[in-house]
Every structure is written in C-alpha cells, then in structure tokens.
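Protein sequences appear in the order of chains A and B. Terminal number for the first sequence in the numbering used here: 196, no gaps in between. Terminal number for the second sequence in the numbering used here: 167, no gaps in between.
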Amino acid sequence: MVRDYNNRHALDQKLRGAPKPAHADHLEVGHWQAIATVLAHVGLDAAVERALSSTPDLSLRYCGPGEWLVVSGVDTPVGLMRRLDMLCGTQAHVVDHSDGRVLMRLSGPSARQILAKGIGVDLHPAAFVLCGSTNVLCGHIAINLARTGEDVFELIVSRSFAESLFEDLMTMGRPFDLSAAFSE
Amino acid sequence: MASLITCPHCGVRPKEEFAIRGDASLVRPAPSASDEAWHDYVYVRANPRGRTVEHWHHVAGCRRFLVVERDTVTHEVYSVVDGAAAAREAQR
Ligand SMILES: [Zn+2]
C-alpha cells in the first residue's frame with residue numbers, strides 16, 4: 013500500500029483552526045523554523061563562536077562548552093545548513109534540527125511568573141540578561157531557554173516533547189489567561 | 076542531599092537537572108590486574124559519611140560530566156569542576 017507522506021507540525025493538532033486573538037501573555041509557535049546544532053571540534057570553541065556571532069541574521073543559543081543551537085529567522089533549513097557549512101564547516105559538526113526541534117515564543121508581562129513554575133534558574137531581568145540563553149529543565153523536560161526581548165523568552169524543545177511541554181505551559185499560564193497560536 | 080549545584084558552565088541549578096554517576100575517586104586497574112582488583116573496582120562501593128567526590132552528569136543542562144565534592148552529612152558542596160578539566164589536572 014502506498015501512503016502519502018504528510019509532513020505535519022508537532023503542534024498541528026493542538027493549534028489547528030482559526031487563530032484566536034493574542035492576550036497580553038501569549039505563546040507563539042513558528043510554523044517552520046530553521047534550527048541547527050553546531051558542536052565545535054576540540055579546541056576550536058572560540059574560533060567557531062567568532063565565526064557564528066559575526067553573522068547578524070543568526071541567533072546563537074548556548075547549550076554547553078563549544079555547543080550551540082543556531083536559529084535563523086531568514087533562512088530555510090537547507091539555506092541555513094549551506095551558510096553554516098561555509099562559516100564553520102571545517103571547524104565544527106553541523107546538524108540540521110529544523111524538523112527535530114520546535115520553537116515556542118512566550119511573551120507578556122507575566123512571562124517570568126509563568127516560567128518560574130517549572131524552571132529552576134533565576135529569571136530576574138538582571139540575572140537572566142537580554143540575549144542570554146541556556147539549557148534548562150522545565151518541569152521534567154529539557155529545553156533551551158533564551159531571552160530575546162524585555163519580556164520575551166524563546167523555548168526550544170525536542171519535537172517529541174513539544175506537545176507535552178505545550179500542555180505544561182498552558183497549565184502554568186492558565187491563571188494569567190495565556191493564549192497560544194501559530195505565528196502568522 | 077545537596078540541592079543546589081553550581082555548574083561551571085550553567086550556573087546554580089537544582090539537583091533534579093543532574094544524574095549522579097557514582098564515586099569519582101576510583102582508579103581503573105591495569106587490564107592485567109587480578110580478578111579481585113577488577114571486582115572491587117566494578118562492584119564494591121563504600122557508603123561514606125562526610126566528604127565524598129562523585130561524578131555528576133548535567134543531563135538537562137550542558138550535558139557535561141562534572142566532579143562534585145560534597146558532604147553527605149551537612150549537604151555542603153565544596154567544589155564542582157568539569158570532568159575533563161579534573162582529568163587533565165589529575166594527569167599532571
Ligand atoms: Zn551544566
């Protein structure tokens with residue numbers, strides 16, 4: 013039997029349908045987001061970081077020593093891979109994770125209070141600085157958390173955990189009337 | 076148990092982010108060592124009261140192995156260093 017391959021977003025079932033208006037605290041999920049993992053060869057951490065951070069369109073998310081998630085708002089997954097190969101292909105291992113990770117953007121005045129219910133790091137603006145990022149446990153799920161705006165946080169999670177994390181976040185945000193939708 | 080660990084890469088984190096992988100003070104015997112030496116190395120563990128050195132894996136963070144020195148009575152954490160750095164230090 014021949015079946016068509018259906019490439020569906022991990023949260024398709026949760027967010028399908030007419031977009032609801034965003035409340036003050038809002039969880040936005042990008043439809044398709046180019047994400048890659050870069051792991052520097054031994055001893056080349058600094059060189060790779062320099063190469064990556066010299067490119068304005070790329071956003072670097074710290075994972076560990078010599079390891080980053082690279083998020084691009086302008087590239088397709090293939091385009092991002094091509095760009096990374098040119099930037100640091102000989103100095104690092106580059107793996108496309110665009111289909112393997114889901115990016116969620118939590119924004120609003122209560123974003124920190126919502127996240128604090130599941131995350132054990134200090135989210136105070138002075139402690140978790142703008143453009144800061146780190147791997148962290150949210151509830152029982154390992155995520156990468158980044159602060160991309162004054163009250164804006166981006167969470168990157170493995171595709172298989174996306175639905176679970178989404179439900180956790182909606183529960184954490186219920187007292188704050190958290191809304192959710194795919195981005196336009 | 077020590078509930079907050081200061082990871083050298085990630086900062087202060089709750090212990091739930093880590094997996095404890097056991098005694099870090101053991102020295103691997105030579106391949107030709109006696110069966111008793113290997114048996115002790117693989118299976119026999121002390122249950123110390125007081126200062127211990129352990130391997131902790133930061134599973135939900137940087138995914139690095141760390142060497143944590145802590146007190147099993149007072150829960151005080153004395154030091155946390157990256158496993159690779161500790162191994163380099165030990166080789167010197
Ligand atoms: Zn860590």
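We treat Cβ as the ideally placed atom computed from N, Cα and C, and that holds for glycine.
So residue i and residue j are supposed to be a Cβ contact under 8 Å. How far apart are they, rounded?
{"i": "A:His-43", "j": "A:Ser-195", "result": "7 Å"}
{"i": "A:Ala-63", "j": "A:Leu-99", "result": "5 Å"}
{"i": "B:Val-156", "j": "B:Val-142", "result": "5 Å"}
{"i": "A:Ala-48", "j": "A:Asp-108", "result": "5 Å"}
{"i": "B:His-84", "j": "B:Arg-139", "result": "6 Å"}
{"i": "A:Val-181", "j": "A:Leu-39", "result": "Residue 181 of chain A is actually Leu in this sequence, not Val. That belief holds up - the Cβ atoms of A:Leu-181 and A:Leu-39 are roughly 6 Å apart, short of 8 Å."}
Could you tell me which chain B residues have their CB closer than 8 Å to the CB of residue i, listed as they occur along the chain?
{"i": "A:Gly-132", "result": "Arg-88, Pro-89, Glu-91, Glu-92"}
{"i": "A:Thr-146", "result": "Cys-85, Gly-86, Gly-136"}
Given that residue i touches chain A, what residues does it touch there, using C-beta distances under 7 Å?
{"i": "B:His-84", "result": "Gly-76, Pro-77"}
Determine the burial state of residue i: buried for a count of at least 16 other Cβ atoms within 10 Å of its Cβ, exposed for fewer.
{"i": "A:Leu-118", "result": "buried"}
{"i": "B:Asp-98", "result": "exposed"}
{"i": "A:Thr-88", "result": "exposed"}
{"i": "A:Gln-45", "result": "buried"}
{"i": "A:Cys-143", "result": "exposed"}
{"i": "A:Asp-97", "result": "exposed"}
{"i": "A:Glu-241", "result": "As shown, chain A starts at 13 and ends at 196. That puts residue 241 of chain A outside it, with no answer to give."}
{"i": "A:Glu-166", "result": "buried"}
{"i": "A:Asp-37", "result": "buried"}
{"i": "A:His-105", "result": "exposed"}
{"i": "A:Ala-192", "result": "buried"}
{"i": "A:Val-141", "result": "exposed"}
{"i": "A:Asn-18", "result": "exposed"}
{"i": "B:Val-72", "result": "Outside the shown range of chain B (76 to 167) lies residue 72 of chain B, about which nothing can therefore be said."}
Could you tell me which chain B residues have their CB closer than 7 Å to the CB of residue i, listed as they occur along the chain?
{"i": "A:Leu-149", "result": "Glu-91, Glu-92, Ala-135"}
Can you pull the chain A residues whose beta carbon is under 9 Å from the beta carbon of residue i, in chain order?
{"i": "B:Arg-139", "result": "Gly-76, Pro-77"}
Using a cut-off of 9 Å between C-beta atoms, extract the partners of residue i located in chain B.
{"i": "A:Ala-58", "result": "By Cβ distance, chain B contributes nothing, its closest Cβ being about 15 Å from A:Ala-58, past 9 Å."}
{"i": "A:Ala-123", "result": "Within 9 Å Cβ-Cβ: nothing; A:Ala-123 doesn't reach chain B, min ~20 Å."}
> Going along the chain, which residues put their C-beta within less than 5 Å of some heavy atom in ligand 1?
Replying inline: The set of residues with CB atoms less than 5 Å from any heavy atom of ligand 1 reads, in chain order, B:Cys-82, B:His-84, B:Cys-85, B:His-133, B:Gly-136, B:Cys-137.
>> Quick check for students: name the residue ranges of the beta strand (DSSP E) that lie wholly in the region 25-68 of chain A, counting only runs of 3 or more.
In response: Listed in chain order, they are 38-41, 46-52.
>> To test your reading of the DSSP string, which unbroken alpha helix (DSSP H) runs of 4 or more residues are found completely within the region 115-188 of chain A?
In response: Runs found: 123-128, 171-184.
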